[in-house]
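Colleague:
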Amino acid sequence: MSDAYDRWQRIFASSAAGFVVHVDGVIADINETAIKILGGADKNDFIGKRFMEDFIHPDFHPIIKLRREQLKSGGQVLAPVEMRIRRLDGFLVDVLSAATGILSGESLYVEVLLIDITSVKRRERLLEAFSEMMNITTEEQNPLDIKGAMRHLQQAMQCLYPESAYAGYVSFYSMAKHLPFASRTMQKYMQPTVYTFSLLPAGFEKWLMDTASDYSQPWDDESALTAIIDIPSSVENEGKAVLQPFVMDGRAFGCFFWTFKKGGIPIRLDEDKERLKAFSLAVLSSIKTFFLRQENVQRTSDLGILHQATLQIGKIDNLQDIANAVLDILQKEKGWRPAVIRFKSRTADILETTACRPARAMTEEELRLYIRKINDLVRKPGQGMTGYVIEHGEPIRSLDLPSDPRYIETDPGIRFGIYAPIPIEGKVEGAIGVESADYAFSESDLAFLSSLGELTGMAVRSVRLIEVLRERVRWLEILHDINLQVGVEAKPEELYAILIDRAMKATGAESGALLIYDAEQNVLKSHAARGWLKTITKEPFTARDGITGTVFSTGRTRLSPHLEDDPLLLSRSRAFVPAARANIAVPVKAGGMVIGVFHLAMKAPVSFSQEFIELVEMFGSYAGIIIRRIQLIDALRSAQSELRKAYDETLEGWARAIGMRDDETLRHTSRVVKIALAIGKAMHLDAQSLEDLRRGALLHDIGKIGIPDSILRKPGSLSKEEQRIMQTHVSFANELLKPIKYLERAIVVPYSHHERWDGTGYPQQLKGEDIPLLARIFAVADVYDAMTSDRPYRSAHTKDEALIYVRTQAGKHFDPKVVEAFLSVVDSIDAQMDEQ
765 MSDAYDRWQR
775 IFASSAAGFV
785 VHVDGVIADI
795 NETAIKILGG
805 ADKNDFIGKR
815 FMEDFIHPDF
825 HPIIKLRREQ
835 LKSGGQVLAP
845 VEMRIRRLDG
855 FLVDVLSAAT
865 GILSGESLYV
875 EVLLIDITSV
885 KRRERLLEAF
895 SEMMNITTEE
905 QNPLDIKGAM
915 RHLQQAMQCL
925 YPESAYAGYV
935 SFYSMAKHLP
945 FASRTMQKYM
955 QPTVYTFSLL
965 PAGFEKWLMD
975 TASDYSQPWD
985 DESALTAIID
995 IPSSVENEGK
1005 AVLQPFVMDG
1015 RAFGCFFWTF
1025 KKGGIPIRLD
1035 EDKERLKAFS
1045 LAVLSSIKTF
1055 FLRQENVQRT
1065 SDLGILHQAT
1075 LQIGKIDNLQ
1085 DIANAVLDIL
1095 QKEKGWRPAV
1105 IRFKSRTADI
1115 LETTACRPAR
1125 AMTEEELRLY
1135 IRKINDLVRK
1145 PGQGMTGYVI
1155 EHGEPIRSLD
1165 LPSDPRYIET
1175 DPGIRFGIYA
1185 PIPIEGKVEG
1195 AIGVESADYA
1205 FSESDLAFLS
1215 SLGELTGMAV
1225 RSVRLIEVLR
1235 ERVRWLEILH
1245 DINLQVGVEA
1255 KPEELYAILI
1265 DRAMKATGAE
1275 SGALLIYDAE
1285 QNVLKSHAAR
1295 GWLKTITKEP
1305 FTARDGITGT
1315 VFSTGRTRLS
1325 PHLEDDPLLL
1335 SRSRAFVPAA
1345 RANIAVPVKA
1355 GGMVIGVFHL
1365 AMKAPVSFSQ
1375 EFIELVEMFG
1385 SYAGIIIRRI
1395 QLIDALRSAQ
1405 SELRKAYDET
1415 LEGWARAIGM
1425 RDDETLRHTS
1435 RVVKIALAIG
1445 KAMHLDAQSL
1455 EDLRRGALLH
1465 DIGKIGIPDS
1475 ILRKPGSLSK
1485 EEQRIMQTHV
1495 SFANELLKPI
1505 KYLERAIVVP
1515 YSHHERWDGT
1525 GYPQQLKGED
1535 IPLLARIFAV
1545 ADVYDAMTSD
1555 RPYRSAHTKD
1565 EALIYVRTQA
1575 GKHFDPKVVE
1585 AFLSVVDSID
1595 AQMDEQ
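Every number in my numbering is 764 more than the matching position in the sequence shown, counting from 1.
(1) Let's test the definition: count the other Cβ atoms within 10 Å of the Cβ of H1622 and tell me whether it reaches 16, buried, or not, exposed.
(2) According to DSSP, is R1179 helix, strand or coil?
(3) For a test of the three-state rule: what should DSSP assign to A1223, helix, strand or coil?
(4) Would you say R848 faces chain B, with C-beta separation under 7 angstroms as the test?
(5) Can you give, in chain order, each stretch of the beta strand (DSSP E) that sits fully within the segment 1478-1526 and has at least 3 residues?
(6) Name the one or two DSSP bridge partners that Q1008 has.
(7) Which of helix, strand or coil does DSSP assign to M950?
(8) Straight-line CA distance for N795 to G782?
(9) Between the C-alpha atoms of A966 and F1055, what's the straight-line distance to the nearest angstrom?
(10) Can you look up K813 in the DSSP assignment and give me helix, strand or coil?
(11) Let me check understanding here. Comparing Cα to Cα, which of E1257, E927, Y873 and V1370 lies closest to S1109?
(12) Which residues in the same chain as R889 place their Cβ atom closer than 7 angstroms to its Cβ, once the five residues preceding and following it in sequence are excluded?
(13) What is the rounded straight-line gap between the Cα of G1181 and the Cα of M898?
(14) Quick one: what's got a C-beta closer than 6 angstroms to A1653's C-beta in the same chain, skipping five residues either side?
(15) Out of I1086, R1320 and A1344, which one is the CA nearest neighbour of M1357?
(16) Give the straight-line distance between the Cα atoms of P1102 and Q1095, rounded to the nearest whole angstrom.
(17) Quick one: is S1050 buried, meaning 16 or more other Cβ sit within 10 Å of its Cβ, or exposed?
(18) Comparing C-alpha positions only, which one of R1540, W971 and I1311 sits nearest to R1336?
(19) Pull up the distance between the alpha-carbon of S895 and that of E969, whole angstroms please.
(20) Buried or exposed: A1399, going by 16 or more other Cβ atoms within 10 Å of its Cβ?
(21) Hey, could you find the ends of the alpha helix (DSSP H) Y1569 is sitting in?
(22) Checking the sheet assignment: what are the DSSP bridge partners for I1439?
(23) Quick one: what's got a C-beta closer than 8 angstroms to Q1076's C-beta in the same chain, skipping five residues either side?
(24) Name the one or two DSSP bridge partners that H1291 has.
(25) Less than 7 angstroms between the beta carbons of V857 and H786, yes or no?
(26) Can you tell me which of the three DSSP states P1536 falls into?
(27) Using beta-carbon positions only, say whether W1521 and F1578 come within less than 7 angstroms of one another.
(28) Enumerate, from N- to C-terminal direction, the unbroken beta strand (DSSP E) stretches of 3 or more residues contained entirely within the segment 874-926.
(29) Within 10 Å of its beta-carbon, does G1078 have 16 or more other beta-carbons around it, so buried, or fewer, so exposed?
(30) Taking the alpha carbon of I1377 as the reference point, which residue from V1232, R1509 and L1332 has its own alpha carbon closest?
(31) Grab the span of the beta strand (DSSP E) containing I847 for me, first residue to last.
(32) Does the contact criterion of 3 or more C-beta pairs under 8 angstroms hold for the segment 1220-1231 versus the segment 1258-1270?
(33) Given the structure, does K1191 come close to the ligand MN, in the sense that its CB is under 6 angstroms from one of the ligand's heavy atoms?
(34) Determine the direct distance from the alpha carbon of E1499 to that of K1269, and round the result to whole angstroms.
(35) So the alpha helix (DSSP H) H1071 belongs to, where does it begin and stop?
(36) Please report the distance separating the alpha-carbon of W1022 from that of L1216.
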């Protein structure tokens, strides 16, 4: 009995949940967690006080009384309920409360468990407010009914703070006068006013207007801060008012207000400013949408167009088609042309026209000449309107293009234009431009084009990630092909020539050379060369001679975008270098030592991207591996192990590429690999199967690289169409990885891990043991880690909750044998995770 009591005391004292013990309603004991929840310093603040009367919000007194009667009637455990309690400082806290009770004689001993769910409830109320605000943008809302929109706004405000005495909106002045897209109908209705649910006390409205006006001056886009103000007793009983500015287009148009009576403030308002800011941003989004719909009721709203654009261009997998689709949307939905989309070249410091719609219809030949004209006139970043936007990253709205010094005329008679950047991973790499001879574009038009530019950038980013992924698949295939030709009987010079040929083909180079260090003569000699580098490298180079010697001695890659201007180019070589050529020279390393230099040369101008440099350096690394193999043929197996390691590092690089879109995806991948391998070992898989499982786990979400960011990062639930798009990631993974032979056994994990034991999964609705074993193992690991990890839309489940779910899904979602193996090792898995 003493041991049990001691254990209970330890739990009571150290629990993450709050415990309050009261006898006949009077607090007898309380743990540290409950003291913190109730805002006290120590037990003395609570012992002897009445739990219900002093701490439970009056709205919940009937529930407390009913639960006490249930305990007195023989009930020992009461199910958890949500309620609100008042802290010592008067602020309210949302808790989940459960109770157990023992009736001893005439006294009722009750132990109350308290879990603070305030942050959860705040988010719920914020989501309720968001949901209410969404009503403003629905088709049912008449876009001319300002009062109806304000009713939704006020209801959203009450959702955020249901305890407020008054809530509403203060308009500083006629909003319509400051909106370039406002109609005369808008100006008729939008006069300075205060919107509230109920009649304000005498004098309160004037005080509110004066106070809000005083606080309006410093409010702008960068410093829109919440104000918390004491209400003077001359206006209202003691209390506080919260003012949250409503800022649009750099101007404070008004503010939201909530008032709280003394003792009625639900939380520390200074700790809730982020939520108020989010609410304000949500209102801003909804109101802007409302105004855009008001501008043209007969047309699909701009947000609707953007939404459809997201779905449409999110399915496209190449840059050209994305650009054409965007211009088609502008022409169909807005009637805008001429229009153009231009991007920085990825291989040179020039601008390229990706798509354009001229002012008049043209034949294919006329269009080709028109695009060439644009490219000749506006060639570099900074030139013309689109070049200026790309260089400076700022959108432009011009109402007098002929007098704009940045404008370069490509069509006669053009007067008006808007131009928006296309940002990709934080850098502006392209621009959309729309022009007109007779339509003066508004600021809202520019805002719409800017949003479309951002969506275009997101789509292009996804395409580029896919291109990088495909490029790395191609690299891997090239290296694998080279590896197949490296054997004991292979001739060194033939292997070197194959390496040069493959590198030139992969990079588009016109010349290449491989030089290997001869330690006896202390020179670098050419062992394979193609093109004009064959002439230049015919004579050996000393270990510190020119570009080759410098790369060898320093062990660092050297880029020569204009080879003829490189000061390290030897005079003996200069005569053999064709004009306008670029060169990249990378060290060839083996065993941590530089043993040679690998050259590739191509026509200039060229922009050496990071991917390009990595590709050439990879060939340099493989050259080192091949040389080392040839030099140490008895270490063949070790060299093959290095190549396999390179394969696996490539797989891990792919996993990191997925994490570029979502950091949590990368951490999730690392964890599920460990969990899946632990289950596989428990099921006595052989070494090859475990390796296949590891590779498949690393790549299980690789198909999501083809899913648009707007769907992948969406915090709320997906629509049916978005769910369908999301589910295509497994098929995309299958198509992407299928050509790679060494992954043929591992591919079942990314392709089949969403199948279910009962046959209700996807993509093939496989059932039972028809589902590959590796996919069945990974499904358990994936679900367990997902449940026990935080997500943007929910907090992590406890380990016990996750284990209960896994057990109950045996024979439904999961293979029962896999579940049994998982349960046998889950404790060791968690211990390993905790250590790491």
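Where is the CB? At the ideal position from N, CA and C, for every residue including glycine.
Modeller: Considering the structure as presented:
(1) Since the first and last residues shown for the chain are 765 and 1600, residue 1622 lies out of range.
(2) Note: R1179 maps to coil in three-state DSSP.
(3) DSSP, read as helix, strand or coil, puts A1223 in helix.
(4) Although the question refers to chain B, the structure presented lacks it and comprises just one protein chain.
(5) Whole beta strand (DSSP E) segments, 3+ residues: zero.
(6) Answer is F1020, bridged to Q1008.
(7) Confidence at M950 is low in this model, with a pLDDT of 33, below 50, so the placement of that residue should be treated as unreliable; the coordinate-derived value is given next. M950 falls in the helix class under three-state DSSP.
(8) So the alpha carbons of these two residues sit roughly 6 angstroms apart.
(9) Near 33 angstroms, if we compare the C-alpha coordinates of F1055 and A966.
(10) Correct three-state label for K813: coil.
(11) Selected option, being the one with the closest Cα: V1370.
(12) Excluding residues within five positions, the ones whose Cβ falls inside 7 angstroms are C923 and L924.
(13) Computed Cα separation, rounded: 32 angstroms.
(14) Because the chain spans 765 through 1600 in this model, residue 1653 falls outside it and cannot be assessed.
(15) Ranking I1086, R1320 and A1344 by CA distance to the CA of M1357 puts R1320 first.
(16) Computed Cα separation, rounded: 9 angstroms.
(17) Around the beta-carbon of S1050, 16 or more other beta-carbon atoms lie within 10 Å, marking it buried.
(18) The shortest Cα separation from R1336 among R1540, W971 and I1311 belongs to I1311.
(19) So the two alpha carbons sit approximately 29 angstroms from each other.
(20) Because A1399 carries a pLDDT of 44, less than 50, the predicted location of this residue cannot be relied on, and the following value inherits that uncertainty. Exposed, since its Cβ has fewer than 16 Cβ neighbours within 10 Å.
(21) Start and end: K1563 to T1572.
(22) Note: I1439 sits in no beta bridge, so no partner.
(23) Excluding positions up to five away in sequence, the list reads A1089 and I1093.
(24) H1291 is not bridged to any residue.
(25) The Cβ atoms of V857 and H786 do not sit closer than 7 angstroms to each other.
(26) P1536: coil per DSSP, three-state reduction.
(27) Yes, the Cβ-Cβ distance between W1521 and F1578 is below 7 angstroms.
(28) For the beta strand (DSSP E) assignment, the segment 874-926 encloses no uninterrupted run of at least 3 residues.
(29) Buried, since its Cβ has 16 or more Cβ neighbours within 10 Å.
(30) Looking only at V1232, R1509 and L1332, the smallest Cα-Cα distance to I1377 is reached by V1232.
(31) At residue 847 the sequence reads Met, which differs from the Ile that was named. V841 to R850 is the extent of the beta strand (DSSP E) around M847.
(32) Not touching, per the Cβ criterion.
(33) Although the ligand MN was asked about, the structure shown includes no ligands whatsoever.
(34) The straight-line gap from Cα to Cα measures roughly 24 angstroms.
(35) Per DSSP, H1071 belongs to the alpha helix (DSSP H) from D1066 to I1077.
(36) Each residue's Cα considered, the two are about 36 angstroms apart.
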